[in-house]
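Down below is the structure, laid out as structure tokens.
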Amino acid sequence: MSRIANSPVSIPSGVEVIISGKQLKVKGSKGALDVAIHDLVEIRQEGASLLFAPVADTKRSESLAGTFRAIVSNMVKGVSDGFQKQLELQGVGYRAQAQGKTLNLTLGFSHPIEYTIPDGIEVETPTQTQVVVKGIDNQLVGQVSAEIRAFRPPEPYKGKGVRYVDEYVKRKEAKKK
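The following block contains the structure:
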């Protein structure tokens, strides 16, 4: 069983945490996030740290306590530092260009792909083959990155496609005569 809920979440200076009823709000220099607290989880603030405990002595309650601890930890990190994922395009003629709230991708299809960037996410293209997804919500940054990657995932023979910068693509050997 995981004991992640036993470790407290430290609140850095400049971050404000408000617990009101079944809502938890976190405000920082980059923005504000809120989450609804589950009935099986108890959250209390002691000084500059948040403590999490299961309400009941059940497996579900203990699981949710650890889950909410991870969610709130990501919220605190997001409003103070933010999250980012980097993608790279590998392939002849593969290009990306961010224009306002759309990301234009040329990925070898017969048509260009226009991806609408959701609110709370910032997308930059330092070069034509690099895409940087930034935001304060870790889940949303990961989801947007996964959606962009899903347009053309890397294939195993030549390695062409959209991949994360630190991703390793296992290569296959081509068919021989």
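Numbering follows our numbering, in which position 45 of the sequence shown is assigned residue number 33; successive positions increment by one, without gaps. Quick reminder that beta carbons are idealized off the backbone N, C-alpha and C, glycines included. Predicted, not measured: the structure shown is a model, and the values here were computed from it.
Query, Result
"As a quick exercise: from R140, G2, G35, pick the residue whose alpha carbon is nearest that of K148.", "R140"
"By the 10 Å Cβ neighbour count, where 16 or more other Cβ atoms means buried, how is R57 classified, buried or exposed?", "buried"
"What residues in its chain sit with their C-beta under 7 angstroms from that of A86, if we drop five residues either side in the sequence?", "V111, E112, T113"
"Please state the DSSP three-state secondary structure of R137.", "helix"
"In three-state terms, what does DSSP make of G123?", "strand"
"Quick one: measure Cβ to Cβ for S61 and I(-1), integer angstroms, because I've assumed they're closer than 8 angstroms.", "Actually they do not touch by this definition, with Cβ atoms about 10 angstroms apart."
"Counting along the chain, where does the beta strand (DSSP E) carrying T90 start and finish?", "90 to 94"
"Around the Cβ of E50, are there at least 16 other Cβ atoms within 10 angstroms (buried) or fewer (exposed)?", "buried"
"Which runs of the alpha helix (DSSP H) fall wholly inside the segment 11 to 81 and span at least 4 residues, in chain order?", "47 to 68"
"Since E76 and Q116 should fall inside the 8 angstroms C-beta cutoff, what is the C-beta to C-beta distance between them, to a whole number of angstroms?", "Incorrect: roughly 11 angstroms between the Cβ atoms, too far for contact."
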